[in-house]
Each structure stands twice: as C-alpha cells, then as structure tokens.
C-alpha cells in the first residue's frame, strides 16, 4: 500500500493518492486537477473512486474534473451531500479569496455508512469525526488513518465554521482516533503527517 501526499490550491490542502498494485483511491482532490492527474498517471494504476473526508471548498475543487476523466464515483457523508452543490455551505461562495469561483459539484454517487469498505482490493473503515464540520469522517487503513481536517500535527481543525463544534471535535479525536495503535501514521488535510502517539503526547489541545 502506497500513500502519496499532494499539496493543492492556495492554502495547500492535502490530496492523497492511496494505491496498491491493482487500483488507486483519490482522497480529497482539492484543486489542481491536472497536477493530480499527472501524479496518477505516474503510478500506472487505475482510480476506482474519490473519497471525501468533508466538503469544504479546499477539499473538493478538483472533484468534477477527475470524476469525469476517470468515470469514477464519489463517496461523501450523507450529512454533507447537499454541500457539494451549494457554494455557501462549501464556503467557496463566501468571498474568502477574490479570485475564487463558486464551486458546484454534482451529487456524490454514494453516501458513506460508518462501516468497512472494500474498493479496488483495498480495505478501510469509515468513522465519524465531526467537529470541524458536521459530516467530517476519517478513513482507517491497516496502519494509517486519513483524518481530513479533524486532527493535524500539533493542532486540530477549525471549529468556528458552519456546524463546527470544539467539544464535539475533541470527543471525535479521543474516541475514534486516539484509540488506534500508537504507531499509526496520521495523514491530515493540511500540513505534514504525524503519528497517533506523537499527538497523544504533544498535541496542546490534549495536553493543556
């Protein structure tokens, strides 16, 4: 299993390509669809799905281009399905950047259940990690987790946006992520990877 981290867009959102010898999953393609496609071609693997940890604009900007290029389905939390097509809910329409266009993504083909999935000979579990947004989820693989904007290296996701909730986010991290083995690598939505052990020991939100 390989994990390739790609920084996309003006705020350097992390898109991840998770792949093995048979298939590839695209996680949170935030922007720069052509660059992501170039990296996919280098792996020589065929994408089978786009997985979204949540639907803020910086995580979904390249979804339409890639789903059309590869003719693959999109998976999203049912709590944020309607956010894909609503620039206010996905925050692209709030004028945060002068050059940003409204992002409107067609409905996802599948809505996540909180369960184990098997796609392209890869297995992962979807767990709820709300607090940054109501429908935020994380993807747990064999020895790593993709946490979206829930848990970062030395920090946590913002909770001052629509449906954000600090207490809920701390609870999500404690009950869904900190129960994973210490050696698990955490691949966050922004910044560099970390480990469960490092965050349990040093993250200031849990070591005040």
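In the numbering used here, the protein residues as written are 254 to 461.
Just so it is clear, CB atoms sit at the ideal spot from N, CA and C, and this is done for glycine as well.
Per DSSP, the continuous alpha helix (DSSP H) segment holding residue 312 begins and ends at 310–313. Nearest in C-alpha terms to residue 452, of all of 443, 435, 442 and 444, is 435. The stretch 330–340 makes contact with the stretch 377–395: 3 or more CB pairs, one atom from each, lie closer than 8 angstroms.
With the rule of 3 Cβ pairs closer than 8 angstroms, the stretch 400–418 does not count as touching the stretch 284–294. If you look at residue 375, you'll find it isn't in any alpha helix (DSSP H); it sits in the beta strand (DSSP E) that goes 375–381. A direct Cα-Cα distance of roughly 32 angstroms separates residue 303 from residue 455. Ranked by Cα distance from residue 325, the options 347, 354, 312 and 277 are led by 277. Taking each of 271, 275 and 306 in turn and checking the Cα distance to residue 289, the smallest one comes out for 271.
A Cβ-Cβ distance of about 6 angstroms is found for the pair residue 412 and residue 418, placing them in contact under the 8 angstroms criterion.
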